[in-house]
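Asks:
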Amino acid sequence: MKIKLTVNKKAHEVQIDPGEMLLDVLRRLGYKSVRRSCDSASCGNCTVLLEGKPILSCITFAASVDNCSIETVEGLSEKEELHPIQEAILETGGSQCGYCISGLTLTIKSFLAENPDPDDEEIKKALVGNLCRCTGYESQIKAVKLAAKKLRGEKR
Amino acid sequence: MLLNVKAYHKPRSIDEAFNIWSDHKDESVLIAGGTNVALMKSHIPKHLIDLKSLGLNDVKEKGNEIVVGAMIDIESFRKNQAIRKNFGDFFFKSFDDIASPQLRNMITIGGSIAAKVGWSDVTTCLLATESRLMTFGINGYQNINITEFNRLPRDKKPIITHIILSKEDFIYGFSRFTKSAFDISLVNVGIALKIESDIVKRSRFVIGSRPQLPDRFLDVEEGIENLKFDDNLPTIARNLVFEHFTGGSNYLASVEYRRHLASVLTERILTELGGV
Amino acid sequence: MSERKKFNYVNKNEIKVDGPSILKGKPVYTDDFDFPGALHVVLVRSTYPHARIKSIDKEKALKVPGVVEILTYEDVPQKIFTKAGQGYPEPSPYDSFILSKKVRYVGDPVAIVAAETVNAARIAASKVNVEYEKLEPVLDFKKATKDGAPVIHDEEGTKDIYDPSRNIASHYEMEVGNTDEVMEKCDYVVEKTYHINTQLHAMMEPHVSISYYDANGRLVVITSTQVPFHTRRILSMIFDIPIRKIRVIKPRIGGGFGGKQAVHVEPYVIAVTLKTGRPARMIFERPEVSMATNIRHEMEFKATVGASKDGTIKALSLDGLSNTGAYGEHALTVFMVAGSKTLPLYNKVEAVRFRGDVVYTNLPPAGAYRGYGAPQGLFALDCVIDELAHELEADPLELKRKNAIKEGETSPIFKIMGEGTEGVEQIVRSCKLDECIEKGKKIIKWDEKINHKKEPGKKVRGVGCALAMQGSGIAKVDMGAASVKVNEDGSVNLHLGATDLGTGSDTIMAQIVAETLDIPVEKVIVYSSDTDMTPFDVGAYASSTTYVSGNAVKNAAEKLKNRIKEKAAHYLNTDVDNIEVKNQHALNKENGEKISFSDLFTKLFYTFEQEQLMASASYVGNESPPPYLATFAEVEVDLETGKVDVLKIVSVADCGMPINPIQARGQLEGATMQGLGWALYEDVKYDGRGRMLTNDFFTYKIPSRMDYVNMECYLVDSYEPSGPFGAKSIAEIGIDTPVPAIANAIYNATGIRLREAPFSSEKLLMEILKNEI
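Chains as they are written, first to last, in the working numbering: chain A, 57 to 212; chain B, 1091 to 1366; chain C, 2 to 774.
Here it is in structure tokens:
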């Protein structure tokens, strides 16, 4: 069957298998930043933004988001400049192997849009669905606070 | 992952949904949030029926009842103003601990019940509020309770269209025990109390993730009926739960541990409710 | 530190060189590469823990549309090998086949299915009909050597299995002095048994490989591996293909922690490419990653410590049993590290003994995992000393500190225990353990809290500590090499075999070159881990990358610097001794004349004494300087539920001079969290038939962000003279201490000593109820 998807403001019309997951369709379309890691909705690595809200693409049927708008990390830095969240993650050492980073970046983006000045507890709770095995989480908490500062215009 | 899906249906009416489902009984699956269906590993289902396309996701106050579309996601549900007005922080806080923000955006109330998973915190809370279900089946619309729905065999199961909550004069509490913060409950407890002049007139004690499906514990409810809602009640209730708990062991915990935890959680919920 | 000067590029928090591409979501991991026409490979796996294969019926499966090939043991070479990614000859038993006629654990591969789509391959795999002759399994490692236990490796041709008839994969023993005699004379002897269960790596990127023939008919394998060169050698051996016809490339990978220090996926895709001529790819699903790659060695130790009443530890003994699962990769070496990287910490003993067996079971094969035996050994060693402290009524931190090794000292164990054989004598040139202890104890408020009075209530708090050491590569064994060459714009290409698994090694190597040549990090272009294009390196394990590969990189850069100075001297008409390299220029110290690198290198390409300036170097460590670590944990125990919450965990390490402090600290933070997970949340369970139940992230819980309150990690000032710019290692040591530190803290809080890890809340509650706290 055919579905229409808008990804990072770009319109796609794509032939899919009716039982195909959004994760696979996005990767087929070339959005390799969307990653498969656990297949049991338990790690958050596959997170994308659906109409601005974070969801897990590995358990979302592509057909169910026909005509919807999706955001992936490729959309954050189209002009090859890093988004402030991406800058912050790099500056605090929040990315080691990087496999969890795409999903994490989008969850952070949606979170900071709602809560532009969060404390540590709020950050931990908002990102609890994004597991990371490499960093031990500390550097990523710092990254979110730094990103929040940059987005508030307090830091360049 | 489902390996053999031939068609993804987006019915425009509940009639249409039910007909497609009946036509392909053994080879079709209903999808609400999709979280449970997507995790099935099988090449048997050939037809997927998307209930979200029916738009049944709003919250309406109708006199003494609140009628909630079954496809509402639990994040929207817990934040809904009408729900918060009538149930205070009960759903707002209890559902905030479930899973993760991503999953809360996807899990639906109807899907949680229909999936019949023992660890569903949603089901425990709905049983504690004695919510009922509006369903659509062979005999059209019917209003049944959750226990009845769960007892129906597969070929007689209707589709859940709405959840009906009653505005009642109860206070509610919920608690769960998990190993990791991002985890299913090892055991959960939902309690509802109707207090009049400091006496417990009625109550509901629901224990879930036993690991079996959540169930009401009537022996406990009888045991505290007409008792004073004072500092002794939490311990009395704790001992009753310990005595009457039924459940099992699995990889998460033994039945003895669950029994013990359920009783401790009961005491803590009641202590907190008493402090309010 | 007199050796320390102001650095421009090392000891600096440079942004990772691969960072921007990863943050932007570029397709840099193995599965991101599209290969049109590639076959998708799926494995048929055993559902029994121990069985002989009677027949494999492919008929139904071959009829599935899209299926191209189904291979069984009859279709692949039956060369016996070890999957372990180690130096040759590998110190692991040779007991594995690509596909065997016998299955030895639930998940053991039985057949290889290749199809045009993944779904077709999966459906076909489910239709392959295997008939088994079921055999009695060994599911408890304590029963593996019992009389009458079924023999797991009864096949012909195995090598280096210590005693296959009794399921003993390896055996080791060593003794310095006479331990029993010394113990007799001690005022205090504490002997306890500790058991620590297995652990899953749970790296975020599943195992994945792609193989294909390039235009010249060479076999190319792109794979998520920690050991590209070992992989090439092993593949050459098992398929009988000359090494020169194989190329192994490691792109960016999503974590390993030791789980990718073996050959897991590559043989299967290659078997398909060899048979069909087509590219083949396979990515493991999460349950396969959990059950069918490697897990950690479960171990039990009887630990004995003997001391005099003034608290001097006089004798130590560790008597152990290790569970290596169905196959023996890393069996001997992990077990030995449980002693070789723990016991030297307490070097003032008169006698020390380490011995034990490594046994086979019909459970998933154990293998390399961060810490590599040291955490298991340290759980026993640190806790038994902690228990000794309580018998002596002494502060456990002071007791450990007093007996710990100091700078300038040595231990006979360094010489006795190496990588499966003898080791190398060494003197500890840098050890700032004391500083680590001082800093950590202040932050956790140790003195205030260790002797706190128990207050009434449902929750109690306590503190615990643990000290650790590790190593930096395997002395006289691990070799790394690097080469550098210049370009017209003053930049330098760095080619090295060292393997970056997200650890940041590409970045710190660039920093090392940058510092040596005094050019900005952006002007060092790093390319690593490609067996065609980069020099040899053993790969990422044994905490060898910074120290061994880093020294190779530094030496290569130094050689290049000398060549630059020579050429600049010719150009500037002066003696080479007058040339100084500074800020991307070569200058004549005497008269200030200078030439920029870009100018000089351009001239050297086209118009002046034309030569491609380049240099290379290899390095093998003569020693393996240990990093040191002190960890402090504060826990809160809920006496009614048994739940343990980590309020604060503080880890302070001496890793020499960190090349990139944020990245080095990141290693410590990640390892600490991984140890915390092992202690409290990660619990592997099997069903009655040896099938791993906890094989995905739904059932196996690594710590989430909300599973700790506070974690603080620090690196103290230190300098290792034999390391590049004073660096030692940091990657593994962090995972050694959390388990014992938390066990010690639980004891301090509740008076309950848990000797079985992980510390589940249910087990702790049962103990609490028993002790009526």
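In this text, a Cβ means the ideal position worked out from N, Cα and C, and glycines have one as well.
The model shown is predicted, which means the values in this text are computed figures rather than measured ones.
#1: Of all the CB atoms in chain A, is at least one closer than 8 Å to the CB of residue 203(C)?
#2: Cβ of residue 13(C) less than 8 Å from any chain B Cβ?
#3: Does the region 699-706 of chain C come close enough to the region 183-203 of chain A to have 3 or more Cβ pairs within less than 8 Å?
#4: Does residue 1125(B) come within less than 8 Å of chain A when only Cβ atoms are used?
#5: Check this for me: beta carbons of residue 191(A) and residue 152(A), under 8 Å apart or not?
#6: Using 8 Å as the Cβ pair cut-off and three pairs as the minimum, do the region 103-118 of chain A and the region 58-78 of chain A touch?
#7: I believe residue 496(C) touches residue 532(C) by the beta-carbon criterion, under 8 Å. Please report the beta-carbon distance rounded to the nearest angstrom.
#8: Cβ closer than 8 Å: which chain C residues qualify as neighbours of residue 9(A)?
#9: Specify whether the region 12-25 of chain C and the region 176-190 of chain C touch according to this definition: at least 3 beta carbon pairs, one from each stretch, less than 8 Å apart.
#10: Strictly by DSSP, which residues pair up with residue 110(A)?
#11: Answer with buried or exposed for residue 1171(B), where buried requires no fewer than 16 other C-beta atoms within 10 angstroms of its C-beta.
#12: DSSP state of residue 1293(B), grouped into three classes?
#13: Count Cβ pairs between the region 241-256 of chain C and the region 495-513 of chain C that sit closer than 8 Å; are there 3 or more?
#14: Closer than 8 Å, Cβ to any Cβ of chain A: which residues of the region 456-490 of chain C, in chain order?
#15: What residues of chain C sit near residue 184(A), judged by a beta carbon separation below 7 Å?
#16: Which partner residues of residue 355(C) appear in the DSSP bridge assignment?
#17: To the nearest angstrom, how far is the alpha carbon of residue 635(C) from that of residue 684(C)?
#18: Going by the DSSP bridge assignment, what does residue 302(C) pair with across the sheet?
#19: How far does the beta strand (DSSP E) with residue 187(C) in it extend, from its first residue to its last?
#20: At 3 residues or longer, and completely inside the region 1197-1260 of chain B: list those beta strand (DSSP E) runs for me, N to C.
#21: Can we say the region 262-277 of chain C touches the region 210-224 of chain C, given the rule of at least three CB pairs closer than 8 Å?
#22: Out of 603(C), 602(C) and 586(C), state which residue places its alpha-carbon closest to the alpha-carbon of residue 595(C).
#23: Are the CB atoms of residue 1217(B) and residue 1239(B) within a distance shorter than 8 Å?
#24: Report the three-state DSSP secondary structure of residue 267(C) (helix, strand or coil).
#25: Residues bridged to residue 210(C) by DSSP?
#26: Note down, in chain order, each residue of its chain lying with its Cβ closer than 6 Å to the Cβ of residue 114(C), except the 5 sequence neighbours on either side.
#27: Does residue 753(C) get closer than 8 Å to chain B when you measure Cβ to Cβ?
#28: At 7 Å on the CB atoms, spell out the chain B contacts of residue 179(C), in chain order.
#29: With burial defined as no fewer than 16 other Cβ atoms inside 10 Å of the residue's Cβ, what is the status of residue 608(C): buried or exposed?
#30: At the level of alpha carbons, what is the spacing between residue 481(C) and residue 278(C)?
#31: Can you tell me the Cα-Cα spacing of residue 1110(B) and residue 1139(B), whole angstroms?
#32: Taking C-beta pairs closer than 7 Å, name the residues in chain A that residue 1190(B) reaches, listed in chain order.
#33: Please list the partners that residue 1204(B) has in chain A, where partner means a Cβ-to-Cβ separation under 9 Å.
#34: What residues from the region 120-138 of chain A come within 8 Å of chain C, judged by C-beta to C-beta, listed N to C?
#35: Below 9 Å between beta carbons is the criterion; list the residues of the region 137-151 of chain A that meet it against any residue of chain B, in chain order.
#36: Just to confirm, are residue 136(C) and residue 46(C) a CB contact at a threshold of 8 Å?
Replies: According to the data block:
#1: yes
#2: no
#3: yes
#4: yes
#5: yes
#6: Contact holds: three or more Cβ-Cβ distances are below 8 Å.
#7: Contact flag wrong, Cβ pair sits at about 12 Å.
#8: The structure shown does not extend to residue 9(A), since chain A spans only 57 to 212, so no value can be given for it.
#9: Contact fails: fewer than three Cβ-Cβ distances are below 8 Å.
#10: 105(A)
#11: exposed
#12: strand
#13: Look at the beta carbons and you see the region 241-256 of chain C touching the region 495-513 of chain C: at least three pairs across the two are nearer than 8 Å.
#14: Those residues of the region 456-490 of chain C placed with their C-beta closer than 8 Å to a C-beta in chain A do not exist.
#15: Going along chain C in sequence order, the residues near residue 184(A) (Cβ under 7 Å) are 705, 706 and 707.
#16: The bridge partners DSSP lists for residue 355(C) are 175(C) and 319(C).
#17: 21 Å
#18: 195(C) and 321(C)
#19: First-last for residue 187(C): undefined, no H or E at that position.
#20: 1222-1227, 1230-1235 and 1249-1256
#21: yes
#22: 586(C)
#23: no
#24: In the structure shown, residue 267(C) sits in a helix (DSSP, three-state: H, G or I).
#25: 224(C) and 283(C)
#26: 43, 71, 122, 125 and 126
#27: No, because no Cβ of chain B sits closer than 8 Å to the Cβ of residue 753(C).
#28: The contacting residues do not exist; residue 179(C) stays about 46 Å from chain B at best.
#29: exposed
#30: 34 Å
#31: Cα to Cα, residue 1110(B) sits roughly 8 Å from residue 1139(B).
#32: 100, 184 and 185
#33: Per Cβ cutoff of 9 Å: no residues; residue 1204(B) is ~16 Å from chain A at best.
#34: 128, 129, 130, 132, 133, 136 and 138
#35: none
#36: no
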